[in-house]
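My numbering puts the sequence shown at residues 10 to 343.
Heads up, the beta-carbon is just placed ideally off N, CA and C, and yes, glycines get one too.
Computed from a predicted model, the values in this text were never measured in an experiment.
Presented below is the structure to which this report refers.
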Amino acid sequence: METADVLVLGLGPAGASAAAEAARRGCKVVALDRKREAGRPVQCAELVPALLEVEAGAVRQRVGSMVTFVEDDAPHVSAAFPGRMLDRAAFDAALVEAARRAGAQIRFSCFIRRMTPEVELADGSTLRAPVIIGADGPRSRAGRAIGSVNSALVETRQISVGLLQPHAATDIFLSADIPGGYGWLFPKGDVANLGAGVNPAHKGRLKSIVARLHSSQRDRLSSQILALTGGAIPVGGMLRPRGRLESTTVLLAGDAAGLANPVTGAGIAAAVHSGRLAGQAAASGEFGQYEEELEDVYRAALERALARRRELLQSKLEKAALRRGWIAYPEYWQ
Ligand SMILES: Cc1cc2nc3c(=O)[nH]c(=O)nc-3n(C[C@H](O)[C@H](O)[C@H](O)COP(=O)(O)OP(=O)(O)OC[C@H]3O[C@@H](n4cnc5c(N)ncnc54)[C@H](O)[C@@H]3O)c2cc1C
Numbered sequence: 010m011e012t013a014d015v016l017v018l019g020l021g022p023a024g025a026s027a028a029a030e031a032a033r034r035g036c037k038v039v040a041l042d043r044k045r046e047a048g049r050p051v052q053c054a055e056l057v058p059a060l061l062e063v064e065a066g067a068v069r070q071r072v073g074s075m076v077t078f079v080e081d082d083a084p085h086v087s088a089a090f091p092g093r094m095l096d097r098a099a100f101d102a103a104l105v106e107a108a109r110r111a112g113a114q115i116r117f118s119c120f121i122r123r124m125t126p127e128v129e130l131a132d133g134s135t136l137r138a139p140v141i142i143g144a145d146g147p148r149s150r151a152g153r154a155i156g157s158v159n160s161a162l163v164e165t166r167q168i169s170v171g172l173l174q175p176h177a178a179t180d181i182f183l184s185a186d187i188p189g190g191y192g193w194l195f196p197k198g199d200v201a202n203l204g205a206g207v208n209p210a211h212k213g214r215l216k217s218i219v220a221r222l223h224s225s226q227r228d229r230l231s232s233q234i235l236a237l238t239g240g241a242i243p244v245g246g247m248l249r250p251r252g253r254l255e256s257t258t259v260l261l262a263g264d265a266a267g268l269a270n271p272v273t274g275a276g277i278a279a280a281v282h283s284g285r286l287a288g289q290a291a292a293s294g295e296f297g298q299y300e301e302e303l304e305d306v307y308r309a310a311l312e313r314a315l316a317r318r319r320e321l322l323q324s325k326l327e328k329a330a331l332r333r334g335w336i337a338y339p340e341y342w343q
């Protein structure tokens with residue numbers, strides 16, 4: 010059985026950030042992912058807050074405001090929503106490269122079958138470490154092993170289509186026809202990511218919901234679909250990010266720790282930040298501090314989003330409820 014100081018499961022933003030921090034602090038780090046290469050296939054709408062540090066090469070364009078459409082009401086413009094649209098594959102690849110440069114052993118095409126705490130791969134090989142960082146996404150095997158499992162998910166579908174005129178805002182579509190989620194149009198130069206997320210019970214309707222959004226925006230979008238993606242987003246709120254299996258300490262980060270926002274689904278910034286903290290904690294042994302820091306930084310915001318999401322799901326999805334359930338309206342923050 011192979012051993013390391015720290016095993017990192019998953020090489021998305023959380024795992025790559027964790028691997029880099031632990032390796033920088035002198036740990037022998039082995040980081041694994043089932044993907045064949047970093048960041049591909051992309052399963053993301055690619056919007057991050059302006060404050061997140063991003064390598065220039067991974068930025069596709071800036072956005073300044075958010076435009077929210079509630080049913081067929083006139084659009085509501087919120088001026089202060091600065092962000093950046095990423096090339097998510099390049100963003101993930103840069104984080105993985107930084108981890109490699111810091112000394113972490115990076116291994117793709119490694120499917121993790123089980124964690125007991127031995128990590129068993131699909132080829133039958135096993136690895137062991139005193140600290141395992143579970144950064145393996147919404148359906149984390151590390152989380153399952155310690156009984157910290159995302160309780161609610163949203164299912165998504167997204168197409169990329171040509172954008173006929175420059176756009177510098179993120180457009181959000183709220184409607185009773187998009188239950189448990191919302192539609193989005195995010196610009197990336199001459200392309201837009203157009204998608205929707207819904208409660209899993211309505212997953213079968215996603216194709217027609219996105220097709221309807223597409224045709225409603227045909228004056229500014231090309232009809233040809235350039236790419237199609239989707240995936241699950243955890244929306245059940247923050248999980249206990251620390252556990253123990255025999256003598257192994259398990260830390261969860263990013264989506265595996267339930268840090269995506271239950272209303273917006275945004276999770277990239279939290280994945281990078283929590284991954285860094287997890288890597289630092291793995292190296293220092295200050296595991297309690299990791300849990301406390303996540304509590305301090307994320308608990309209140311995630312609880313508010315969770316409360317709004319629950320209210321919305323219990324409502325008849327009328328316009329006032331849709332507005333109260335969305336971050337662009339003052340009602341959300343009251
Ligand atoms: C359609 C869509 C749009 C989104 N849009 C945005 C957005 O615009 N902005 C934003 O901030 N967030 C967005 N998100 C959420 C965001 O993508 C996640 O919050 C973020 O990727 C979390 O990073 P992570 O490292 O925790 O997990 P991930 O990026 O999911 O990385 C987990 C890694 O673990 C690997 N893995 C999982 N299981 C195994 C296994 N058994 N064996 C080996 N490897 C495994 C996966 O291959 C993956 O590489 C979106 C999500 C979706 C699905």
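Less than 7 Å separating the Cβ of Leu60 from some heavy atom of ligand 1?
The sequence position of residue 60 within the sequence shown is 51, counting from 1. Leu60 Cβ: outside cutoff for every heavy atom of ligand 1.
In whole angstroms, what separates the C-alpha of Asp42 from that of Thr77?
Against the sequence shown, residue 42 aligns to sequence position 33. Against the sequence shown, residue 77 aligns to sequence position 68. In a straight line, the C-alpha of Asp42 is about 37 Å away from that of Thr77.
Length of the line joining the Cα atoms of Ala31 and Val38:
The count along the sequence shown starts at 1 and reaches residue 31 at position 22. The count along the sequence shown starts at 1 and reaches residue 38 at position 29. Val38 has its alpha-carbon roughly 7 Å from the corresponding atom of Ala31.
Within 8 Å, strictly: CB atoms of Ile121 and Leu20:
On the sequence shown, position 112 is the one that residue 121 refers to. On the sequence shown, position 11 is the one that residue 20 refers to. At least 8 Å separates the beta-carbon of Ile121 from that of Leu20.
Taking the Cβ atom as the reference point for each residue, do Ala321 and Ala330 lie within a distance shorter than 8 Å?
What you label residue 321 is simply residue 312 of the sequence shown in a count that begins at 1. What you label residue 330 is simply residue 321 of the sequence shown in a count that begins at 1. Reading off the sequence shown, one finds Leu at residue 321, where the question assumed Ala. If you check the CB distance, Leu321 and Ala330 come in under 8 Å.
Three or more C-beta pairs below 8 Å linking the stretch 254-264 and the stretch 216-233:
In short, these stretches do not touch, since the Cβ pair count stays below three.
Which one or two residues does DSSP pair with Met124 in a beta bridge?
Counting from 1 along the sequence shown, the entry for residue 124 is found at position 115. According to DSSP, residue pairing for Met124 in a beta bridge involves Val128.
Would you be able to state if there are at least three C-beta pairs under 8 Å between the stretch 48-55 and the stretch 236-246?
Result yes; three or more Cβ-Cβ pairs closer than 8 Å.
Could you please give the first and the last residue of the uninterrupted beta strand (DSSP E) stretch that includes Ala241?
Here residue 241 refers to the residue found at position 232 when the sequence shown is read from its first residue. Unbroken beta strand (DSSP E) run through Ala241: Leu230 to Pro243.
Out of curiosity, what's the CA-to-CA distance linking Gly263 and Leu162?
As a working note, residue 263 is residue 254 in the sequence shown. As a working note, residue 162 is residue 153 in the sequence shown. A straight-line Cα-Cα distance of about 14 Å links Gly263 and Leu162.
Taking DSSP's pairing of strands, which residues face Leu56 in a bridge?
Numbered from 1 along the sequence shown, position 47 holds the residue referred to as residue 56. Answer is Met94, bridged to Leu56.
Measuring only the C-alpha atoms, how far is Phe182 from His85?
Walking along the sequence shown from the start, residue 182 turns up at place 173. Walking along the sequence shown from the start, residue 85 turns up at place 76. As the crow flies, the alpha-carbon of Phe182 is around 11 Å from that of His85.
N- and C-terminal bounds of the beta strand (DSSP E) containing Leu322
Your numbering for residue 322 matches position 313 in the sequence shown. Going by DSSP, Leu322 is part of no beta strand (DSSP E) but of the alpha helix (DSSP H) stretching over Phe296 to Gln323.
For the beta strand (DSSP E) containing Ile181, name the first residue and the last one.
Working through the sequence shown from its first residue, we reach residue 181 at position 172. Run containing Ile181: Ala178 to Leu183, per the beta strand (DSSP E) assignment.
Does at least one heavy atom of ligand 1 sit under 7 Å from the Cβ of Lys197?
Mapped onto the sequence shown, residue 197 falls at position 188. A distance criterion of 7 Å places the beta-carbon of Lys197 beyond contact range of ligand 1, judged by its closest non-hydrogen atom.
Per DSSP, what kind of secondary structure is Val39 in: helix, strand or coil?
One-based indexing of the sequence shown puts residue 39 at position 30. Val39 falls in the strand class under three-state DSSP.
I want to check one thing, is the minimum distance from the CB of Asp186 to the heavy atoms of ligand 1 below 7 Å?
Counting from one through the sequence shown, the residue named residue 186 turns up at place 177. No.
Do you know whose CA, among Arg318, Met94, Asp305 and Ser87, lies nearest Ala65's CA?
Position 56 of the sequence shown holds residue 65. Residue Met94 is the option with its Cα nearest to Ala65.
Less than 7 Å separating the Cβ of Thr238 from some heavy atom of ligand 1?
Taking the sequence shown and counting its residues from 1, the one referred to as residue 238 is at position 229. The answer is yes for Thr238.
On the three-pair Cβ rule with 8 Å, is the stretch 131-151 touching the stretch 59-74?
Segment contact: the stretch 131-151 against the stretch 59-74, fewer than three CB-CB distances shorter than 8 Å; contact not assigned.
In the stretch 165-217, which residue ranges form an unbroken beta strand (DSSP E) of at least 3 residues, counting only runs that do not cross its ends?
Fully enclosed beta strand (DSSP E) runs of no fewer than 3 residues occupy 178-183, 192-197 and 200-207 of the stretch 165-217, in order along the chain.
When we look at the beta-carbon of Trp193 and count the other beta-carbons within 10 Å, is it buried (16 or more) or exposed?
What you label residue 193 is simply residue 184 of the sequence shown in a count that begins at 1. So Trp193 ends up on the buried side.
How many Å lie between Leu311 and Arg317 at the Cα?
On the sequence shown, position 302 is the one that residue 311 refers to. On the sequence shown, position 308 is the one that residue 317 refers to. Leu311 and Arg317: Cα-Cα distance of roughly 10 Å.
Would you kindly check if the distance between the Cβ of Glu127 and the Cβ of Met10 is under 8 Å?
Within the sequence shown, residue 10 is the residue found at index 1, counting from 1. Within the sequence shown, residue 127 is the residue found at index 118, counting from 1. With respect to the 8 Å criterion, Met10 and Glu127 are classified as neighbours on the basis of their beta carbons.
How about Ala40 and Gly24: are their beta carbons less than 8 Å apart?
The count along the sequence shown starts at 1 and reaches residue 40 at position 31. The count along the sequence shown starts at 1 and reaches residue 24 at position 15. In this structure, Ala40 sits near Gly24, with a CB-CB distance shorter than 8 Å.
Using the three-state DSSP reduction, which class does Ser293 fall into: helix, strand or coil?
As a working mapping, residue 293 is identified with position 284 in the sequence shown. In this structure, DSSP gives Ser293 a helical state, which the three-state scheme calls helix.
In the DSSP assignment, find the alpha helix (DSSP H) that holds Gly24 and state where it starts and stops.
Walking along the sequence shown from the start, residue 24 turns up at place 15. Secondary structure note for Gly24: its alpha helix (DSSP H) is the uninterrupted segment Pro22 to Arg33.
Under DSSP, the alpha helix (DSSP H) around Ala331 begins and ends at which residues?
As a working note, residue 331 is residue 322 in the sequence shown. It should be noted that the sequence gives Leu, not Ala, for residue 331. Judged by DSSP secondary structure, Leu331 falls within the alpha helix (DSSP H) whose first and last residues are Lys328 to Arg333.
Going by DSSP in three states, Ile277 sits in which element: helix, strand or coil?
Numbered from 1 along the sequence shown, position 268 holds the residue referred to as residue 277. Reduced to three states, the DSSP call for Ile277 is helix.
If we ignore side chains and look at the alpha-carbon of each, how far apart do Leu215 and Ser169 end up?
Sequence index remark: in the sequence shown, residue 215 carries index 206 (1-based). Sequence index remark: in the sequence shown, residue 169 carries index 160 (1-based). Taking the straight line from one Cα to the other gives about 15 Å.
Which residues in the same chain as Ser184 place their Cβ atom closer than 6 Å to its Cβ, once the five residues preceding and following it in sequence are excluded?
What you label residue 184 is simply residue 175 of the sequence shown in a count that begins at 1. Hits under 6 Å: Glu80.
What do you get for Ala280, buried or exposed, if any count of 16 or more other CB atoms within 10 angstroms of its CB means buried?
If you number the sequence shown from 1, residue 280 lands on position 271. Burial call: buried.
Report whether the distance from the Cβ of Val57 to the nearest heavy atom of ligand 1 is below 7 Å.
On the sequence shown, position 48 is the one that residue 57 refers to. At least one heavy atom of ligand 1 is found less than 7 Å from the C-beta of Val57.
Residues in the same chain with beta-carbon distance under 8 Å from Gln2, minus the five sequence neighbours each way, listed in chain order, please.
Since the first residue shown for the chain is 10 and the last is 343, residue 2 is missing from the structure and cannot be characterised.
Going by the DSSP bridge assignment, what does His85 pair with across the sheet?
For the purposes of this step, residue 85 is taken as residue 76 along the sequence shown, with counting starting at 1. Residue pairing from DSSP places His85 in a beta bridge opposite Thr77.
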